[in-house]
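S.K.: Protein chains in written order, with the UniProt record's numbering: chain A, 1 to 216; chain B, 1 to 216; chain C, 1 to 216; chain D, 1 to 216; chain E, 1 to 216; chain F, 1 to 216. Beta carbons are placed, not taken as given, at the ideal position from N, Cα and C, and that holds for glycine. Okay, here's the structure, questions in a sec.
6 protein chains.
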Amino acid sequence: MDTLIAPSVLAADFANLQSAIEMINDSEADLIHVDIMDGVFVPNISFGFPVVEAIQGHAKKPLDVHLMIVNPDQYLEAFKEVGAETITVHFEACQHLHRTIQAIHELDCKAGVAINPHTNVELLRDIIRELDTVIIMSVNPGFGGQKFIEHTYEKVRNLKAIITASGSQAKIEIDGGVNMGNAYKLIDAGADILVAGSFVFNADDPKATISELKKL
Amino acid sequence: MDTLIAPSVLAADFANLQSAIEMINDSEADLIHVDIMDGVFVPNISFGFPVVEAIQGHAKKPLDVHLMIVNPDQYLEAFKEVGAETITVHFEACQHLHRTIQAIHELDCKAGVAINPHTNVELLRDIIRELDTVIIMSVNPGFGGQKFIEHTYEKVRNLKAIITASGSQAKIEIDGGVNMGNAYKLIDAGADILVAGSFVFNADDPKATISELKKL
Amino acid sequence: MDTLIAPSVLAADFANLQSAIEMINDSEADLIHVDIMDGVFVPNISFGFPVVEAIQGHAKKPLDVHLMIVNPDQYLEAFKEVGAETITVHFEACQHLHRTIQAIHELDCKAGVAINPHTNVELLRDIIRELDTVIIMSVNPGFGGQKFIEHTYEKVRNLKAIITASGSQAKIEIDGGVNMGNAYKLIDAGADILVAGSFVFNADDPKATISELKKL
Amino acid sequence: MDTLIAPSVLAADFANLQSAIEMINDSEADLIHVDIMDGVFVPNISFGFPVVEAIQGHAKKPLDVHLMIVNPDQYLEAFKEVGAETITVHFEACQHLHRTIQAIHELDCKAGVAINPHTNVELLRDIIRELDTVIIMSVNPGFGGQKFIEHTYEKVRNLKAIITASGSQAKIEIDGGVNMGNAYKLIDAGADILVAGSFVFNADDPKATISELKKL
Amino acid sequence: MDTLIAPSVLAADFANLQSAIEMINDSEADLIHVDIMDGVFVPNISFGFPVVEAIQGHAKKPLDVHLMIVNPDQYLEAFKEVGAETITVHFEACQHLHRTIQAIHELDCKAGVAINPHTNVELLRDIIRELDTVIIMSVNPGFGGQKFIEHTYEKVRNLKAIITASGSQAKIEIDGGVNMGNAYKLIDAGADILVAGSFVFNADDPKATISELKKL
Amino acid sequence: MDTLIAPSVLAADFANLQSAIEMINDSEADLIHVDIMDGVFVPNISFGFPVVEAIQGHAKKPLDVHLMIVNPDQYLEAFKEVGAETITVHFEACQHLHRTIQAIHELDCKAGVAINPHTNVELLRDIIRELDTVIIMSVNPGFGGQKFIEHTYEKVRNLKAIITASGSQAKIEIDGGVNMGNAYKLIDAGADILVAGSFVFNADDPKATISELKKL
């Protein structure tokens, strides 16, 4: 399977989101990654509904919504309404993770779980069959532009083994510090989707950068 | 004193914020009202740092930042850094309100307190001398486009009396459902600043609408 | 206006609720008072939906539901569905009290606010016009059978003055330690509704006791 | 060892609990399962102390109390006082689980831990020797009448292996969606106790249904 | 009545508490003020039980324990056991303040309420008769050595009026930034007890400083 | 490598901390263990900044600071400032453990993670390479003088295996109930550092007791 590329809007110019979305539309990107931060689960407030709605108004690729928020259950329906195709919640934020995943599926969305750098992939064994995606955080969530954590490759391999053993169809998505220097190794370890933020949007030619990632 | 008009970005088109900000720059508006919602203090997530930073990059008028968030103390400095001139916190979110106001002043920002519709203005008596602004919520915070609460006029008059009696220089700012039908009555009751969101941005000619409000 | 009597199910025999409800149906009681405690807002867990639903199945008088719970907003609709005619929330549990009251009214229920013994009635001035009921706790909420707080009479008089001055139609309801020794004084001070729990259910003849209260 | 059957009162008629308890007394059931929900740990409020006390007044079988509540430590003694023989707390609700289990044992109660559907049984390795019971949730906690999660069989087998390896005496209890179609497979996988709610109480002949489960 | 002086141990040398306590024993001080901070209610962690127990072991004057902590109810008995004569809780930390005060009295301790600088003394009207002490914070709680808030005099006068009108016996205690420059004005406004921390312990002659305060 | 001995100040006489610290200075102890409890993460409040600062003023051995507090991130810098060489946070208190450990290292402190008795060491697999220390709680945190949990030996062996397999340099520290009866077995199982509180400070000759532990 081809690796999917998901540029993260978090690194775009928020004064002109339409043109950022149109760039993604015109690129070889597969998904639009949308990082929602509430300032409580993570120490940053990024953006929420009015901004996602504006993205939806121009996007021609599926929205991959990553909720870095506490109590995500209360907002699942609202994110569906502003166009989410996939909704990913954090393992560390969900005491009733199975119910949350069920609720996302009942909205006809794909469901994902994201895990922080210290969280052991073994903790996903009993939920993995229900998942469409697992996001492995390869930096600490909360900010763009951080340094990639090298231990990530091992987590990808361990998670791949769990997925294969269980018969799950879950895709592995890597979020944080992805660039040309680590993308191939991540794919080789088992990654299916690469999120790229500042690496794409700070590039001289974002579309070309997406193409290069896509070709790996 | 002239009434100040503060268009709220919450009602703008988030796909093209630059042009919304430029419209405000070119208008007779005095302030740019910025509504930060975290999904925890209020049941909506609006936007945070990356969006305010984008606004700052184009704004030629002072940013009037209204924090509808829990534990605002941890983010005061960060809002200063993205350009806040005034930082307003919610009475209902602050157990140590006097310290929070002190901390805002130490950042060389103006300091405000916002009160929810049910909150009695008497509760501000012991802090009023420290304040540059009081925001009286004339709708329940969390969403744009709600119906104005008629009881607001009485709250404005009561607050005005407290301000006058104390010798405070605090301005009274009204947020929620302001339009041509209530603006004059609000000014007459004692309001100094009017926030206007959908009334401005949904108008055929937003700049003209701002001018009309300004003329009252 | 006649004083309304609201026996509190909390003091009934939960092994045979049907007969307790039928006793109330057959009595001169006006309302059935239903005390919901979550063990978080108050240090006791009383009962919730399955029990209220059972009460609804037999009740021929309106259910007066008193929520001693945190975050009541998420459960308003569910209490409507199990038959609540009035829903009362605690002042101390609601940061957005005006919105909560609005939400109760949108469900076509009557809306009340309860205040703890230390809470000053002045805090209700800006919400009183929106209310159908105010419950003054005359004991600390959480348990039946406690001693009546004598200061309650003064609170009733102060609240009555606020209600009269504002033109509100809110009724004053007294909850805790009501008995033949204080009921008249409470009515005289301005109480409209008396909740009675153990005084009624521990009486030799509960129906006669209700009648006596009703005659005052 | 024979499988123990624990009818859950949650599915009974709360208007006539006494007769529900007497039915259980007269049946071949081994335990009376009591589901306490606080509306905070789970999105439902079931019932608490006054109801359990009423159950205790008529019960002739041990009360198996399942606490779906936050901060259970503060209520352990109170549940002992209303007749709990076993007290089970949720893994996801206890940061100091070892202390909580110790505290239950010091009350001379049996101690259990319940785990949500997504929680990996490996997380119990360091506490399993201290436990009398583990409840594997086979539906998401909070409501009766939900659909059984098929992955439960595998969790039972994995847990059985951990129990055997450790020399623990803990019994495995299954809670949620148990019926004649899955009971045998659960027992075969290692289950020792079956909770049955609506399957028993909605049956034409609850006592006969208990007998059938008991015969498996 | 004489003004009572309560040196605050917070400013003592914690390497040699015994000698600090003995200095207070030998001085004209009336009380030993003990500031408990939990790092959650206030942004500082001071000290707790083992330190208060050590103080108790040497103190010959009553311990005046000021709890700057969340959920004080769970620790009232423990503070009684380490020698508290008075236990003061924060208004802002207590949803069921009347019950908390009752609980302190049931331990045969004196009961106080402390209010933050922004908190209006009117909020104490319905609890004032139950109180032995009100602490007016004249700095923001959390640290020693802060600058005295000038508005305090007005709060003292307002509180004195409420106390007198109600017939309460509550004493007014001032905590924060007390020194020779403001002590007389505070007494004149109605203060009964002065807490003094760094002003006493940083003085060349702490005992003489206490005497001077006492003479005012 | 020699076993390191870390006497815990929690068991010292807080009326005369200086002499307790001097005893440790003069002994063969390697570290000074400092237990910070906030009354929220654990049911005890021990001591905080002013006390640690006093310890720092006399200590000639490194301070090994063990934070039994919620939200430790906000206080890391402050503990560095009062002299912490190692800062250990609790696994159960940190949703973003990798970031917290990073933040401790950025302060040029050593970083540790403590785990409660029920917490499985497998949960440390993805963070172990980043750690300088792991504290295995061998009693439930919150109080000195509790009984040692025998299961600890197995946890030490399991953790040692994880450390060895990962190439981590983390030391294993045991906290709770350590004495001459279990110290050797702990070292044999893989422990590198032994915390000793009441066993040392309640001994007739604390220095000699430290020496005996050191000789094992």
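1) Anything in the region 67-92 of chain A with a Cβ closer than 9 Å to a Cβ of chain B? List those residues in chain order, please.
2) Interface residues of chain C around proline 50 (chain B) at Cβ under 8 Å?
3) Alpha helix (DSSP H) containing isoleucine 128 (chain A): first to last residue?
4) Quick check on histidine 151 (chain B): does DSSP put it in helix, strand or coil?
5) Do the CB positions of valine 156 (chain D) and leucine 131 (chain D) come within less than 8 Å of each other?
6) From this set, F:Ser19, F:Ile174 and F:Asp188, which residue's C-alpha is nearest valine 113 (chain F)'s C-alpha?
7) So, does the CB of lysine 155 (chain A) fall closer than 8 Å to a CB anywhere in chain F?
8) Using a beta-carbon distance below 8 Å, is glutamine 95 (chain F) in contact with chain A?
9) Using a beta-carbon distance below 8 Å, is threonine 209 (chain C) in contact with chain E?
10) Would you mind working out which of E:Asp35, E:Leu97 and E:Ser27 sits nearest glycine 142 (chain E), comparing C-alpha positions?
11) With 8 Å as the threshold, decide whether the Cβ of asparagine 182 (chain F) is near any Cβ in chain D.
12) Kindly list, in the order they appear in chain D, the residues whose Cβ is closer than 8 Å to that of isoleucine 36 (chain C).
13) Okay, do the region 26-42 of chain E and the region 2-13 of chain E touch, 3+ Cβ pairs below 8 Å being the bar?
14) Go to lysine 185 (chain B), then tell me how far its alpha helix (DSSP H) extends in each direction, as first and last residue.
15) Distance cutoff 8 Å, beta carbons only. Does threonine 119 (chain F) sit that close to anything in chain D?
16) Have a look at B:Asp192, B:Lys215, B:Ala183 and B:Leu97 and flag the residue whose alpha-carbon is nearest the alpha-carbon of alanine 170 (chain B).
17) Taking the beta carbon of tyrosine 184 (chain D) as the centre, do at least 16 other beta carbons fall within 10 Å, making it buried, or is it exposed?
18) When DSSP labels each residue in this structure, what does threonine 209 (chain D) get in the three-state scheme?
19) Pairs of beta-carbons, one from the region 62-73 of chain C and one from the region 87-106 of chain C, closer than 8 Å: are there three or more?
20) Tell me the DSSP bridge mates of phenylalanine 47 (chain C)?
21) Of the choices A:Thr164, A:Asp64, A:Leu10 and A:Gly176, whose alpha-carbon is the least far from that of glutamate 150 (chain A)?
22) By the three-class DSSP mapping on this structure, what secondary structure does histidine 96 (chain A) have?
23) Quick one: does residue 264 (chain F) have its CB under 8 Å from some CB of chain E?
24) Report the rounded CA-to-CA distance for phenylalanine 14 (chain A) versus asparagine 140 (chain B), giving the unit in angstroms.
25) In three-state terms, what does DSSP make of histidine 33 (chain A)?
26) What residues of chain B sit near leucine 216 (chain A), judged by a beta carbon separation below 8 Å?
27) Per the DSSP calculation, serine 8 (chain B) is bridged to which residue(s)?
28) With DSSP collapsed to three states, give me the class of glutamate 173 (chain B).
29) Show which residues of chain A have a CB atom less than 7 Å away from the CB atom of histidine 105 (chain F).
30) Mark glycine 190 (chain A) as exposed unless 16 or more other C-beta atoms lie within 10 angstroms of its C-beta, in which case mark it buried.
31) Within the 8 Å Cβ cut-off, does histidine 151 (chain D) reach chain C?
32) Are the region 86-94 of chain E and the region 48-60 of chain E touching by the rule of at least three beta carbon pairs closer than 8 Å?
33) Give me the Cα-Cα distance between glutamate 154 (chain A) and glycine 181 (chain A), rounded to the nearest whole angstrom.
34) List the residues that DSSP assigns as beta-bridge partners of methionine 137 (chain F).
35) Is it true that the CB of asparagine 120 (chain A) sits closer than 8 Å to the CB of glutamate 122 (chain F)?
36) My guess is that valine 178 (chain D) and alanine 203 (chain D) are in contact by the Cβ rule of under 8 Å, so how many angstroms apart are they, rounded?
M.R.: Put simply:
1) Ile69, Val70, Asn71, Gln74, Tyr75 and Ala78
2) Per Cβ cutoff of 8 Å: no residues; proline 50 (chain B) is ~27 Å from chain C at best.
3) Run containing isoleucine 128 (chain A): none; DSSP gives neither H nor E here.
4) coil
5) no
6) F:Ile174
7) yes
8) yes
9) no
10) E:Asp35
11) no
12) Ile45
13) yes
14) 183-189
15) yes
16) B:Asp192
17) exposed
18) helix
19) yes
20) D:Phe47
21) A:Gly176
22) coil
23) Coverage of chain F is limited to positions 1 through 216, which leaves residue 264 (chain F) absent and any answer about it impossible.
24) 27 Å
25) strand
26) Neighbours of leucine 216 (chain A) on chain B: none; closest Cβ ~28 Å, over 8 Å.
27) B:His33
28) strand
29) Chain A residues near histidine 105 (chain F): none, gap ~13 Å exceeds 7 Å.
30) buried
31) no
32) no
33) 16 Å
34) F:Asp175
35) yes
36) At roughly 13 Å, the Cβ-Cβ gap does not stay under 8 Å, so valine 178 (chain D) and alanine 203 (chain D) are not in contact.
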